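So my numbering is basically just the index in the sequence shown, starting at one, shifted up by 232.
Ideal Cβ placement from N, Cα and C applies to all residues, glycine included.
Keep in mind the model is a prediction, meaning the values are calculated, not measured.
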Amino acid sequence: MGAIKKGINDSETDHLTEDKVAFADILLSVYAQKCKKYLTEKERRAVTRIFSDFSPEKKTVIKNYDIISNIYDDFLNFLGYQTPEKIVQALNRLIPLKECMEDITLLDAGSGTGRLGKSIRIAGFKGRLMGVDISPKSIQYLQQYRTSIYDDVRV
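Here it is as structure tokens:
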């Protein structure tokens with residue numbers, strides 16, 4: 233099975249196969265029905281690439297995350313994504329976050345839209361929290377909607 237989907241540049245679909253795209257199409261259709269949110273074709277392609285095309289090309293990854301930064305949290309909620317909460321549970325076993333001194337700094341590498349940072353703050357962490365991500369639009373989202381979570385965010 234080769235790359236598919238008309239109108240998508242071949243360099244962006246090297247790893248997309250019919251079964252991966254079909255799965256993404258079903259997932260996005262269920263998302264639209266359940267959440268009553270309909271994605272643009274550009275957003276649908278970006279979600280398909282992010283969740284089924286593990287391309288190592290940095291430009292492609294950045295572009296796709298930039299496209300969906302405004303719907304990313306909502307989509308992960310729909311999927312039942314709980315990784316940030318699981319990471320906080322593991323961190324709390326190693327270093328109780330409520331007991332951390334304010335001079336301790338945590339780095340959230342791949343901070344995206346700030347889901348992990350939000351969970352860390354909810355757990356009571358009072359130290360310095362830094363976020364970095366390759367997606368400028370995700371960082372803009374953080375700066376606009378999650379202003380009190382991170383002490384500093386950068387691309």
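In the three-state scheme derived from DSSP, where H, G and I count as helix and E and B as strand, Gly346 is classed as coil. Taken through DSSP and simplified to helix, strand or coil, Thr272 comes out as coil. Rounded to the nearest whole angstrom, the CA to CA distance from Lys266 to Glu334 is 42 Å. Among the bridge pairs identified by DSSP, Gly363 is matched with Asp340, Val385.
Of the residues Tyr270, Ala264, Phe307, the one whose Cα lies closest to the Cα of Ile282 is Phe307. Listed in chain order, the non-local C-beta contacts of Ile327 below 6 Å within the same chain number zero, local neighbours out to five positions each way being set aside. Rounded to whole angstroms, the Cβ separation of Ala278 and Ile300 is 5 Å, and the two are in contact under 8 Å. For Thr249 and Gln376, the gap between their C-alpha atoms comes out near 36 Å. In the DSSP assignment, Glu289 falls outside any alpha helix (DSSP H) and carries neither an H nor an E.
Under the three-state reduction of DSSP output, Asn324 falls in the helix class.
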